[in-house]
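Student: Each residue of the sequence shown is one higher than the one before, starting from 0 at the first, in numbering that gives the first Met the number 0. I am attaching a structure below and will ask some questions about it afterwards.
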Amino acid sequence: MKKTLLTLAAVSAFSMSAQAEQFWADNSVSYLNGSSYIEPFFADATTDVSYSTITLEHVSGHSWGGLFYFVDMHSGDGFDETYVELSPKFTLSKMEGSVAAINALYTLESGSGFDNHMFGLGVDLNVPGMNYLGVNLYRAINDKLGIDKGDDNMLGLVYGYSNGNLNIDGFMDYRFGNSGNQFGDIEDSMNLTPQITYDLAPMLELKGKLKVGIEYSYWTNKFGVDGADQNAVSLLLKAHL
Numbered sequence: 000m001k002k003t004l005l006t007l008a009a010v011s012a013f014s015m016s017a018q019a020e021q022f023w024a025d026n027s028v029s030y031l032n033g034s035s036y037i038e039p040f041f042a043d044a045t046t047d048v049s050y051s052t053i054t055l056e057h058v059s060g061h062s063w064g065g066l067f068y069f070v071d072m073h074s075g076d077g078f079d080e081t082y083v084e085l086s087p088k089f090t091l092s093k094m095e096g097s098v099a100a101i102n103a104l105y106t107l108e109s110g111s112g113f114d115n116h117m118f119g120l121g122v123d124l125n126v127p128g129m130n131y132l133g134v135n136l137y138r139a140i141n142d143k144l145g146i147d148k149g150d151d152n153m154l155g156l157v158y159g160y161s162n163g164n165l166n167i168d169g170f171m172d173y174r175f176g177n178s179g180n181q182f183g184d185i186e187d188s189m190n191l192t193p194q195i196t197y198d199l200a201p202m203l204e205l206k207g208k209l210k211v212g213i214e215y216s217y218w219t220n221k222f223g224v225d226g227a228d229q230n231a232v233s234l235l236l237k238a239h240l
């Protein structure tokens, strides 16, 4: 908890310092509830786990690039966990055409007993009909409980699409495994997680957005654990503040 509070304090300070050059921002809080999750480090890799998640999320655009971070507070069968990601991107070059920008990337993944640091390069793409589409390649420096579990590479895709009040957005991460570390072989894994929502705010005459829908999580070899395959659907309620 102390580490989480320190992380949140650092994120807040970073965000406040970026306000002077901020072009736009979006903040949201969401609630997820579902089952059929796999948690190989809390339960057997083939045991379905049910849990709920409250997520606080921020995304913004700045003259120097962009900022994305979120805090997940999980509460499930036999465990509670807080997970944080902080992802600034720094624009190296802007251009016209199918490639809109080239970015330098950093992501901090922080959870129970680990802090992973990811460095990479990415491109923002202009694709007709899409709100946004980005392709990113990372080198991940992994740390769990101070034990070297081996570093790896990740290819990531982030996307967003809307049609009226219908929204589809999410990500796909393909993480390349490694071998010969203290934890044994880490398998390749793929995490495909779209959110499909409908904004009820216009119907209810509310300011902002109030989305209802589902989140689908398809994750093979979760956390690199062979056979820990997740196929889960959660109900989703998301309010943009």
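For every residue, glycine included, the Cβ atom is placed at its ideal position computed from N, Cα and C.
Locate the beta strand (DSSP E) running through methionine 72, then write down its first and last residues.
Tutor: Indexing the sequence shown from 1 puts residue 72 at position 73. Run containing methionine 72: 64-75, per the beta strand (DSSP E) assignment.
Student: Going by other Cβ atoms of all chains shown within 10 Å of its Cβ, with 16 needed for buried, is tyrosine 50 buried or exposed?
Tutor: In the sequence shown, the residue the question calls residue 50 occupies position 51. Buried.
Student: Where does methionine 94 sit, in a helix, a strand or coil, going by DSSP?
Tutor: Against the sequence shown, residue 94 aligns to sequence position 95. Looking at methionine 94 - three-state DSSP - the assignment turns out to be coil, as it is neither helix nor strand.
Student: Between the C-alpha atoms of lysine 221 and asparagine 164, what's the straight-line distance to the nearest angstrom?
Tutor: Here residue 221 refers to the residue found at position 222 when the sequence shown is read from its first residue. Here residue 164 refers to the residue found at position 165 when the sequence shown is read from its first residue. Within the model, the alpha-carbon separation for lysine 221 versus asparagine 164 is close to 32 Å.
Student: Assuming asparagine 254 and isoleucine 140 form a contact by the criterion Cβ under 8 Å, report the distance between their Cβ atoms to the nearest whole angstrom.
Tutor: A query on residue 254 cannot be resolved here, the shown segment of the chain reaching from 0 to 240 and no further.
Student: What is the C-beta distance between tyrosine 215 and threonine 192, in whole angstroms, given that I count them as a contact (C-beta under 8 Å)?
Tutor: Residue mapping note: residue 215 aligns to position 216 of the sequence shown, counting from 1. Residue mapping note: residue 192 aligns to position 193 of the sequence shown, counting from 1. Indeed they touch by this definition, with Cβ atoms about 7 Å apart.
Student: Using DSSP with H/G/I as helix, E/B as strand and the rest coil, what is methionine 171?
Tutor: Position 172 of the sequence shown, counted from the first residue, corresponds to residue 171. Correct three-state label for methionine 171: strand.
Student: Over the uninterrupted beta strand (DSSP E) stretch that includes proline 201, give me the two end residues.
Tutor: Your numbering for residue 201 matches position 202 in the sequence shown. Note, proline 201: premise wrong, no beta strand (DSSP E); alpha helix (DSSP H) at 200-203.
Student: With distances taken from CA atoms, which of Ala238, Ala231 and Asp172 is nearest glycine 33?
Tutor: For the purposes of this step, residue 33 is taken as residue 34 along the sequence shown, with counting starting at 1. The option with the nearest alpha carbon to glycine 33 is Ala231.
Student: Relative to the C-alpha of tryptophan 23, which residue among Ser109, Gly128, Leu236 and Val58 is closest?
Tutor: For the purposes of this step, residue 23 is identified with residue 24 of the sequence shown, where counting begins at 1. Ranking the options by Cα distance to tryptophan 23, first place goes to Val58.
Student: Contact defined as beta carbons within less than 8 Å: I believe glycine 110 pairs with proline 87. What is the distance between those atoms, to the nearest angstrom?
Tutor: The residue labelled residue 110 in the question sits at position 111 within the sequence shown. The residue labelled residue 87 in the question sits at position 88 within the sequence shown. Not confirmed; about 19 Å, so no contact.
Student: Buried or exposed for methionine 94, please, with buried defined as at least 16 other CB atoms from any protein chain shown within 10 angstroms of its CB.
Tutor: On the sequence shown, residue 94 is found 95 positions in, with the first residue counted as 1. Classification of methionine 94: exposed, given that the 10 Å Cβ count is below 16.
Student: Comparing alpha-carbon positions, which option in Tyr158, Leu154 and Met189 lies nearest leucine 132?
Tutor: Counting from 1 along the sequence shown, the entry for residue 132 is found at position 133. If we check each option's Cα against that of leucine 132, Tyr158 comes out closest.
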